[in-house]
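Asks: First residue of the sequence shown? That's 1089 in the working numbering, and the numbers climb one at a time after it. Even for Gly, the Cβ is constructed at its ideal location relative to N, Cα and C.
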Amino acid sequence: MIEKMERVFLCGLAKDSEEIISRLMKAGCVQLSDPAAMSGYEEIKDQVELRAADVYEKEQTLSRLGQCVKSLAPYGKKKGLLDKRREVGFGEVLRQEAPKDALEICRKVEELQKETGACKSRISQEEFLQASLAPWRELDLPLEVTGTESSRVLLAAVPVTVTVEELERQQQEQQLGAYYSVVSEDKDQRYIVAVAHKDNAAALGELLRQAGATGIAFDGLSGTASENIAASKERVKAEEASIQSLKDQLSAYGERLPEVQLAWDSTQVSIDCGKAEQNLLQTQETFVTQGWVPQRQKGKVEKALSGYTCYFQFQEAGPDEDPPVLLKNNKFVEPFEAVTEMYALPAPHSLDPNPFMAPFFFVFFGMMLSDAGYGLVLAILGLWGAKNLDMGPGGKKLLKMLGYCGISTVFWGALYGSWFGDTIPKVTEVFFGNRVQVPMLLDPLTNPMPILIMAFVVGYIHILVGLGLKAYLMIRRGHSIDALFDVGFWYFVLVGLVIFAGGQMVIGSAVMASIGKWLAIAGAVGLVLTQGRDKKNPIMKLANGVLSLYDITGYFSDLLSYSRIMALGLATGVIAQVVNTMGTLPGANIIGVVVFVAVFLLGHVLNLAINALGSYVHTSRLQYVEFFGKFFEGGGQPFRPLKAATKYVSVIDQEE
1089 MIEKMERVFL CGLAKDSEEI ISRLMKAGCV QLSDPAAMSG YEEIKDQVEL RAADVYEKEQ
1149 TLSRLGQCVK SLAPYGKKKG LLDKRREVGF GEVLRQEAPK DALEICRKVE ELQKETGACK
1209 SRISQEEFLQ ASLAPWRELD LPLEVTGTES SRVLLAAVPV TVTVEELERQ QQEQQLGAYY
1269 SVVSEDKDQR YIVAVAHKDN AAALGELLRQ AGATGIAFDG LSGTASENIA ASKERVKAEE
1329 ASIQSLKDQL SAYGERLPEV QLAWDSTQVS IDCGKAEQNL LQTQETFVTQ GWVPQRQKGK
1389 VEKALSGYTC YFQFQEAGPD EDPPVLLKNN KFVEPFEAVT EMYALPAPHS LDPNPFMAPF
1449 FFVFFGMMLS DAGYGLVLAI LGLWGAKNLD MGPGGKKLLK MLGYCGISTV FWGALYGSWF
1509 GDTIPKVTEV FFGNRVQVPM LLDPLTNPMP ILIMAFVVGY IHILVGLGLK AYLMIRRGHS
1569 IDALFDVGFW YFVLVGLVIF AGGQMVIGSA VMASIGKWLA IAGAVGLVLT QGRDKKNPIM
1629 KLANGVLSLY DITGYFSDLL SYSRIMALGL ATGVIAQVVN TMGTLPGANI IGVVVFVAVF
1689 LLGHVLNLAI NALGSYVHTS RLQYVEFFGK FFEGGGQPFR PLKAATKYVS VIDQEE
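1) Beta-carbon within less than 8 Å of Val1181's beta-carbon, same chain only, minus the 5 sequence neighbours each way: which residues are those?
2) Comparing the CB of Phe1216 with every heavy atom of the ligand NAD, is any distance shorter than 7 Å?
3) Return helix, strand or coil for Val1324, following the three-state DSSP convention.
4) Assuming Val1241 contacts Thr1251 (C-beta within less than 8 Å), just tell me the rounded distance between them.
5) Classify Thr1660: buried if its beta carbon has 16 or more other beta carbons within 10 angstroms, exposed otherwise.
6) Have a look at Leu1730, Gln1201, Ser1110, Leu1561 and flag the residue whose alpha-carbon is nearest the alpha-carbon of Gln1155.
7) Any contact of the segment 1482-1494 with the segment 1447-1459, i.e. 3+ C-beta pairs under 8 Å?
8) Quick one: what does DSSP say Thr1516 is sitting in, helix, strand or coil?
9) Roughly how many angstroms separate the alpha carbons of Asp1122 and Ser1330, rounded to a whole number?
10) Give, in chain order, every unbroken run of the alpha helix (DSSP H) that is at least 4 residues long and sits entirely within the segment 1375-1453.
11) Would Gly1293 and Gly1300 be called neighbours here (beta carbons separated by less than 8 Å)?
12) Just tell me which of Met1542, Ala1446, Ala1219 has its CA closest to the CA of Pro1423.
13) Skipping 5 residues on each side, what residues in its chain have a beta carbon closer than 7 Å to that of Tyr1712?
14) In terms of DSSP beta bridges, what is Leu1557 paired with?
15) Out of curiosity, what's the CA-to-CA distance linking Met1654 and Val1421?
16) Taking only the alpha-carbon atoms, compute the straight-line gap between Val1197 and Lys1167 and give it to the nearest angstrom.
17) Specify the secondary structure class of Ile1539 as computed by DSSP and reduced to three states.
18) Please classify Lys1718: is it buried, with 16 or more other beta-carbons within 10 angstroms of its beta-carbon, or exposed?
19) Are there three or more Cβ pairs, one per stretch, closer than 8 Å when the segment 1499-1517 is compared with the segment 1456-1467?
20) Determine the extent of the alpha helix (DSSP H) in which Arg1709 is found, giving its start and end residues.
21) Under three-state DSSP, which class holds Gly1303?
22) Taking only the alpha-carbon atoms, compute the straight-line gap between Met1562 and Ile1090 and give it to the nearest angstrom.
23) Whole angstroms are fine: how far does the CA of Gly1395 sit from the CA of Ala1102?
24) Out of Leu1464, Met1113, Phe1499, which has the shortest C-alpha to C-alpha gap to Lys1388?
25) Measure the C-alpha to C-alpha separation of Glu1203 and Leu1334 and round it to an integer number of angstroms.
26) Three Cβ pairs or more, each shorter than 8 Å: is that satisfied between the segment 1662-1669 and the segment 1688-1708?
27) Between the Cα of Pro1346 and the Cα atoms of Lys1165, Leu1617, Val1118, which residue gives the shortest distance?
28) Between the alpha carbons of Glu1744 and Pro1441, how many angstroms are there, rounded?
29) Can you confirm whether the segment 1618-1632 touches the segment 1591-1602 when touching is taken to mean that 3 or more C-beta pairs between the two stretches lie within less than 8 Å?
30) Phe1727 and Trp1380 look like a contact to me (Cβ under 8 Å); what is the Cβ gap, rounded to whole Å?
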């Protein structure tokens, strides 16, 4: 059901505002809203102002803490699959010292990160130097030597398309008297050293430039290239050792990761409190605000505010107001809220479809997956995961829903005699020579018609329930006559046609067929006379009424959609049998056992994953299109109470 909401108006002393916000956050049942929309705001707006809460500095702190958590995560205790979040008290989350203590850790971690970054930068520089020197590794001339008193030494990288012979020919034509030597080459460049008289050095440089060569100089280096490469590698080793030392220091801080995580949560809660304070209208001495609270939780608000000098008042939501939506259902229905929430929340003055949708979803899913072995796996994993995994409220709902749907699948699979397909008959026949047949009430593979009929029956009921909910909403809103015209007459038609078909073709009762026929005719006449009632022209009234009968094709189309229940059930069973057939092909021997186990595990895991997803998608579609399309009114906004929304710790004494 949709929880009934009431608006709460609160007026208190400005000096108590922060404490009151904290108390409401601990209560976790009030969603503050814009006070500028409250009744009487226009009369007081000149005497009050919106509370300004500067959370910029805290957001900067949150960013630093988040980066620190990221940096220390590789060194902290690894979280296992079953590990739950650390439990702390609400007062510990609000402790102002937590961020201050953690910021000192942040400062030291940032220094270590900065030093690590500097080391990596120096390593990059050394690696670049090594790459630059690599082509000159075989040059035994010290790099600081650029010539003698009468000569000059030039190092250059020449395109491989230019040969040394060509350079030699050109320098001879110019009578430069130069000497060339190739040190090394790669696919793009040839690295040469050239020696010429100092008077011809400039001309030699110009010759090389025209040939596309690039002059090379190693300013500040002394010794040969190979000596410099060796020295650079030693420096890299020293930097890597420094990095390792810095990592060791970071690792030591890894033990304090929980402190930083708690500080992150504490800062986030403080920011949320600050933003909540922006919903306060205040004077120098007082403040006023408003919000929404579930009617059944008003006692929590009274308890939270009992120790303060303040005035508060509850008021039911008016017909023109749209309070936030909070769903409240029993333990069976609650997990199926995940399906509705993925579609849209119902409008606040509408109705919660989950109590009516959940049983159909439960049945449809089981009929589609239709294998007891798969259902058993799904039920165990879903219910176990919902209980033991830290998945958050939404994740727990989804897992529990899949667990419940697994129970439905076990029932229908047992009805069809399918336990991982025909595993039991196949295994007993191939490996033990004595086929054991699993008892079944229905065989969807050899006789699918009963399954198809059941699918149509539950689909027919599904559609009628959807129409009934539409009529209920109309009656609740005072439109009883419209409910009779728009839904009641369609009930006459749809029910009458089924009674007619049952009496004519199934039971063979002329009386029953006659009752169904006249009931359907009465409904059709009622539709013809009423569906054009909004038209003023009598001819248009009648025309619209006649045309409304065309909607019967839509209902038949909706009914045919439920054939997918049988189709998906058949697909699951056929694929499972194919997997078992492939697994038993090698026969009853050691290799056959190994192959069967491998094929069984891989094949059935894939079949379960694909068909469970297909069952979920198609079951959801039947709800969204064939069911919700009849009555559902969406657009509700979720109820988001002010509460400690933590990421790394769980608040144990926050009221739920």
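Replies: In this structure, then:
1) Within the sequence shown, the letter at position 93 stands for residue 1181. These residues qualify, in order along the chain: Leu1350, Asp1353, Ser1354, Val1357, Ala1732, Thr1734, Val1737, Val1739.
2) The ligand content of the structure shown is nil, which means the ligand NAD is not present either.
3) The residue you call residue 1324 lines up with position 236 of the sequence shown. DSSP, reduced to helix, strand and coil, places Val1324 within a helical segment of the structure shown.
4) The residue given as residue 1241 occupies position 153 in the sequence shown. The residue given as residue 1251 occupies position 163 in the sequence shown. About 21 Å separates the two Cβ atoms, so there is no contact after all.
5) By one-based count along the sequence shown, residue 1660 stands at place 572. Of the other Cβ atoms in all chains shown, 16 or more fall within 10 Å of the Cβ of Thr1660; this residue is therefore buried.
6) Taking the sequence shown and counting its residues from 1, one reaches residue 1155 at position 67. Of Leu1730, Gln1201, Ser1110, Leu1561, the residue nearest in Cα terms is Gln1201.
7) Contact holds: three or more Cβ-Cβ distances are below 8 Å.
8) In the sequence shown, the residue the question calls residue 1516 occupies position 428. DSSP places Thr1516 in helix when its eight states are reduced to three.
9) Here residue 1122 is taken as the residue at index 34 of the sequence shown, counted from 1. Here residue 1330 is taken as the residue at index 242 of the sequence shown, counted from 1. C-alpha separation (whole angstroms): 55 Å.
10) DSSP runs (the alpha helix (DSSP H)) wholly in the segment 1375-1453: 1386-1393, 1425-1431.
11) Walking along the sequence shown from the start, residue 1293 turns up at place 205. Walking along the sequence shown from the start, residue 1300 turns up at place 212. Between Gly1293 and Gly1300, the gap from beta carbon to beta carbon reaches 8 Å or more.
12) Taking the sequence shown and counting its residues from 1, one reaches residue 1423 at position 335. Answer by Cα proximity: Ala1446.
13) Position 624 of the sequence shown, counting from 1, holds the residue named residue 1712. Once the five neighbours on either side are set aside, the close Cβ partners of Tyr1712 are Tyr1431.
14) Locating residue 1557 in the sequence shown gives position 469, where the first residue counts as 1. Partner residues in a beta bridge of Leu1557, as assigned by DSSP, do not exist.
15) By one-based count along the sequence shown, residue 1654 stands at place 566. By one-based count along the sequence shown, residue 1421 stands at place 333. Near 25 Å, if we compare the C-alpha coordinates of Val1421 and Met1654.
16) Residue mapping note: residue 1197 aligns to position 109 of the sequence shown, counting from 1. Residue mapping note: residue 1167 aligns to position 79 of the sequence shown, counting from 1. Approximately 21 Å between the Cα atoms of the pair.
17) Along the sequence shown, read from residue 1 onward, the residue named residue 1539 stands at position 451. Reduced to three states, the DSSP call for Ile1539 is helix.
18) Here residue 1718 refers to the residue found at position 630 of the sequence shown. By the 10 Å Cβ count, Lys1718 comes out buried.
19) With the cut-off at 8 Å, the segment 1499-1517 and the segment 1456-1467 touch.
20) For the purposes of this step, residue 1709 is taken as the residue at position 621 of the sequence shown. 1678-1709 is the extent of the alpha helix (DSSP H) around Arg1709.
21) For the purposes of this step, residue 1303 is identified with residue 215 of the sequence shown, where counting begins at 1. Here Gly1303 sits in strand by DSSP.
22) Residue mapping note: residue 1562 aligns to position 474 of the sequence shown, counting from 1. Residue mapping note: residue 1090 aligns to position 2 of the sequence shown, counting from 1. Met1562 and Ile1090 have their alpha carbons spaced roughly 17 Å apart.
23) Your numbering for residue 1102 matches position 14 in the sequence shown. Your numbering for residue 1395 matches position 307 in the sequence shown. Using only the alpha carbons, I get a separation of about 15 Å.
24) Taking the first residue of the sequence shown as 1, we reach residue 1388 at position 300. For the residues Leu1464, Met1113, Phe1499, the minimum Cα distance to Lys1388 belongs to Met1113.
25) Taking the first residue of the sequence shown as position 1, residue 1203 is located at position 115. Taking the first residue of the sequence shown as position 1, residue 1334 is located at position 246. Rounded to whole angstroms, the separation of the alpha carbons of Leu1334 and Glu1203 is 8 Å.
26) The segment 1662-1669 and the segment 1688-1708 touch, with no fewer than 3 CB-CB distances between them shorter than 8 Å.
27) Taking the first residue of the sequence shown as 1, we reach residue 1346 at position 258. Considering only alpha carbons, the answer is Lys1165.
28) Taking the first residue of the sequence shown as position 1, residue 1744 is located at position 656. Taking the first residue of the sequence shown as position 1, residue 1441 is located at position 353. Caution applies to Glu1744, whose pLDDT of 49 falls short of 50 and renders its modelled position unreliable; the model cannot decide the point.
29) Contact between the segment 1591-1602 and the segment 1618-1632 is absent: fewer than three C-beta pairs spanning the two stretches fall below 8 Å.
30) For this step, residue 1727 is matched to residue 639 along the sequence shown. For this step, residue 1380 is matched to residue 292 along the sequence shown. Phe1727 to Trp1380, Cβ: 7 Å. Contact.
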